[in-house]
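Data block below; observations after.
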Ligand SMILES: C[S@@+](CC[C@H](N)C(=O)[O-])C[C@H]1O[C@@H](n2cnc3c(N)ncnc32)[C@H](O)[C@@H]1O
């Protein structure tokens with residue numbers, strides 16, 4: 004359907020001067036087959052979120068995950084190297100899912116998708132191969148307070 008670009012505000016600099024900064028990631032929005040008509044695209048909600056203007060851009064600007072949102076391990080180090088910002092995943096789920104839908108994240112990492120799904124009233128299934136990340140994700144999902 005679309006390639007969406009997450010433009011990473013405050014992306015990590017690289018100091019060796021041998022390549023560009025990796026300051027974006029690509030999100031692929033796809034349907035199972037090209038005849039699929041009943042996919043979710045919450046046009047009106049997105050418009051409202053965009054101050055009444057149609058949201059049409061495929062480049063989304065969100066800061067990298069940092070500050071209190073960033074999970075730390077027992078040594079105060081980042082618990083997961085690529086924890087995604089809650090706001091990015093929120094925009095994904097608000098765009099393409101409805102309350103009660105089931106969201107699958109086969110690369111769950113620190114559990115960001117599950118936390119957002121829970122906050123937005125979606126069901127979720129997560130898969131992760133690293134035990135330490137599963138444990139962080141489980142704690143995070145359990146403790147998450149929905150404001
Ligand atoms: C980019 S990270 C996901 C970050 C996550 N969105 C977050 O906010 O924390 C990808 C994760 O997929 C996991 N992973 C990679 N290959 C996997 C596999 N074959 N099965 C399950 N998990 C896998 C990695 O261990 C890593 O935690």
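Residue numbers (the numbering used here): 4 to 150. No residue lacks a Cβ here, since even glycine has one placed at the ideal position from N, Cα and C. As the structure is a computational prediction, the values presented were derived from the model and not from experiment.
Spanning the alpha carbons of residue 75 and residue 119 requires a straight line of approximately 19 Å. Distance check between residue 143 and each of 71, 98 and 78 places 71 closest, using alpha-carbon atoms only. The Cβ atoms of residue 111 and residue 129 sit closer than 7 Å to each other.
Going by beta carbons, residue 30 and residue 7 fall inside the 7 Å limit. Only residues of its own chain outside the window of five on either side were considered, and among them 4 and 42 have a CB closer than 8 Å to the CB of residue 34, listed in chain order. Not one heavy atom of ligand 1 is found less than 6 Å from the C-beta of residue 94. For residue 42, the shortest separation between its Cβ and any heavy atom of ligand 1 does not lie below 6 Å. Taking the CA atoms as reference points, residue 95 sits about 33 Å from residue 21. Taking the Cβ of residue 144 as the reference point, every heavy atom of ligand 1 lies at 6 Å or farther away. Per DSSP, the unbroken alpha helix (DSSP H) holding residue 98 starts and ends at 89–99. Put simply, the backbone Cα of residue 49 is about 39 Å away from that of residue 77. With contacts defined as CB atoms closer than 7 Å, residue 115 and residue 92 qualify as a contacting pair. When beta bridges are read from the DSSP output, residue 147 appears opposite no residue. Distances taken from the Cβ of residue 85 to the heavy atoms of ligand 1 include one shorter than 6 Å. When only Cα atoms are considered, residue 139 and residue 13 end up about 25 Å apart.
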